[in-house]
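In what follows, a single structure is set out as structure tokens and then discussed.
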Amino acid sequence: MGGGIMDIYHIRNGRSLMVTGWHTSFPPSSCLGPDSGELNWRAVVSEAEQMVGYPTSFLNLRWLFNDEIAVAATQLRKLVGTNHPLLKSAKNILVGSKSNLQSVGLVVLLVSKAAGFGPDQLVEQHSSGVLNAQRALAEIVEMKRTGHIIHKAMANLRDRRASGGQYEDLLCGNKIVLLSGDYLLAKCLKHLGDLRNNEVTELISTGLRDLVEGDFFGEIDADGNPLPSKPKASNTIERNYDWENENNLGKLGSNDFLGQGKDEWKLRTMLTSGSLLAKGCQAAMMLSKQGMEMEREAYRLGGHLAMIWQLYLDVKDFFTHPHSYSLVGAPVIIAIWEYPTVYGHIFEAKLEKRGVDFKQLFYAVRSTRALEYLRLLLHEELMAVVRCTERFPVEDARLALNKMAASIHSEAVQFLDS
């Protein structure tokens, strides 16, 4: 990428799409099972939950409905009418949807079941093909993600006058955010220690480290929102980001990948969501003693699921919020990489110390071929999920993972087709 756009070839008979540097094929229907027609997200999740014998949509409720959180929840009434970000986050957490990755626990359970376990595992240690320790791990991973979502729901109170007479209530909301998020993360660490597995504890702890690093990666604007980096010249790129094979206990990637389009987006995705999900899947293999090869394959599977998930979120955000979408979402970053002149909209705003004209940037991105590249990247990630699941022996769980990816993929494509 970066050296100009070549013609796109759409080969209908071979069911493939090609662009220079990109190639993907659609997964055969056998990878999605006999009922692979119209995939509805709720139906796919419901089927998967029945498969693992655990309604993961209630994981949050079991952790959130206790005395400590109840005290904080009673204070939420003060925030009604203030438009504090915590209200929206609380709704998403309790309802659950693709929009906030609240199914990460379900993914960990499905990967656990798809891998199976050895004959040395006792019957009383598992149910529905998942070890009890793996169920505990799924809760830990989901609550770590939930705690981080709550922490990010802080209201910006830098300008007290802008909040008007609601300042005290908004400040109270921020205190609730800090205390609730800290409580959930502390409880996660306690339950993580209860697993009594030092390797798993280290791995999941580094996932939390990556989440925090992702919030401060690259440039930010005056309000703390992330900004894309200035695109590099294609002839200055020395290497691409290979997240699948790096040492994931150490620092993920480096600042060298900023300004490299797809590489920058992938690194941001791994830091902000992919690392925790991928490491949760890898840790599940550690608990069932699957060996290093399966551990790494589970890490790759979790990472690719996070990638296709984030692509969907970025595309949905771009099309449904044309006045406030993320500037580090895939549509903007890919457009800037392929057409560096698009970065001028952001650079001029920085120089003039004003906000970015989102509507103008929206039309600039739409005028490029970036959306076609996004379609190809979606297919590429879907095929990567299918390839990874082929290494897992338990068919029903494997198909459930493929259906989740296919459902996300199809909804993202609908936005691109709109």
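Each residue of the sequence shown is one higher than the one before, counting from 7 in our numbering. Beta carbons are placed, not taken as given, at the ideal position from N, Cα and C, and that holds for glycine.
Tell me residue i's beta-bridge partners as DSSP assigns them.
i           : result
residue 346 : DSSP output for residue 346 lists no bridge partner at all.
residue 226 : 232
Whose C-alpha, out of the options, is nearest the C-alpha of residue i?
i           : options               : result
residue 220 : 393, 281 and 196      : 281
residue 148 : 114, 164, 170 and 248 : 114
residue 288 : 296, 298 and 305      : 305
residue 336 : 302, 324, 328 and 137 : 324
residue 400 : 86, 134, 351 and 93   : 134
residue 47  : 414, 95 and 424       : 414
residue 98  : 144, 197, 139 and 159 : 159
residue 225 : 236, 216, 247 and 215 : 236
residue 364 : 331, 190 and 345      : 331
residue 340 : 261, 272, 211 and 203 : 272
residue 261 : 300, 223 and 254      : 223
residue 216 : 190, 197, 254 and 181 : 254
Please tell me whether residue i and residue j are closer than 7 Å, where the distance is taken between their beta carbons.
i           : j           : result
residue 390 : residue 321 : no
residue 51  : residue 409 : no
residue 58  : residue 150 : no
residue 263 : residue 328 : no
residue 334 : residue 274 : yes
residue 290 : residue 54  : no
residue 294 : residue 137 : yes
residue 85  : residue 230 : no
residue 397 : residue 270 : no
residue 155 : residue 95  : yes
residue 265 : residue 238 : yes
residue 144 : residue 296 : no
residue 338 : residue 371 : yes
residue 422 : residue 388 : no
residue 312 : residue 283 : yes
Among the residues of its own chain, which have a CB less than 6 Å from the CB of residue i, if the five just before and after it don't count?
i           : result
residue 276 : 249 and 258
residue 345 : 374
residue 355 : 362
residue 192 : none
Which same chain residues end up closer than 7 Å to residue i when comparing Cβ atoms and leaving out the 5 residues on each side of it in sequence?
i           : result
residue 157 : 183 and 187
residue 352 : 233, 234, 333 and 362
residue 205 : 292
residue 227 : 233
residue 318 : 104, 414, 417 and 418
residue 107 : Confidence at residue 107 is low in this model, with a pLDDT of 47, below 50, so its placement is unreliable and no value can be given for it.
residue 402 : 57
residue 139 : 201 and 293
residue 394 : 303, 306, 307 and 310
residue 243 : 266
residue 366 : 351
Give the C-beta separation of residue i and residue j to the nearest angstrom, bearing in mind that I take them to be a contact with Cβ-Cβ under 8 Å.
i           : j           : result
residue 267 : residue 315 : Going by Cβ atoms, the distance from residue 267 to residue 315 rounds to 20 Å, so no, they are not a contact pair.
residue 142 : residue 201 : 6 Å
residue 175 : residue 88  : 5 Å
residue 374 : residue 348 : 7 Å
residue 307 : residue 117 : 6 Å
residue 91  : residue 161 : 6 Å
residue 213 : residue 207 : Contact doesn't hold; Cβ gap of about 11 Å is too wide.
residue 194 : residue 153 : 7 Å
residue 416 : residue 45  : 6 Å
residue 164 : residue 173 : So it is not a contact: roughly 11 Å between Cβ atoms.
So, at 8 Å on beta carbons, what are the nonlocal neighbours of residue i in its own chain, with the 5 sequence-adjacent residues on each side left out?
i           : result
residue 28  : Confidence at residue 28 is low in this model, with a pLDDT of 45, below 50, so the placement of that residue should be treated as unreliable; the coordinate-derived value is given next. These residues qualify, in order along the chain: 379, 382, 383 and 386.
residue 4   : This structure cannot speak to residue 4, because the chain is shown only from 7 to 424.
residue 425 : Residue 425 falls outside the range modelled here, since the chain spans only 7 to 424, and no answer is possible.
residue 18  : For residue 18, the pLDDT reaches just 26, beneath the cut-off of 50, and the residue's location in the model is therefore unreliable, although a value from the coordinates is still provided. Closer than 8 Å at Cβ, skipping near neighbours: no residue.
residue 404 : 120, 395, 396 and 398
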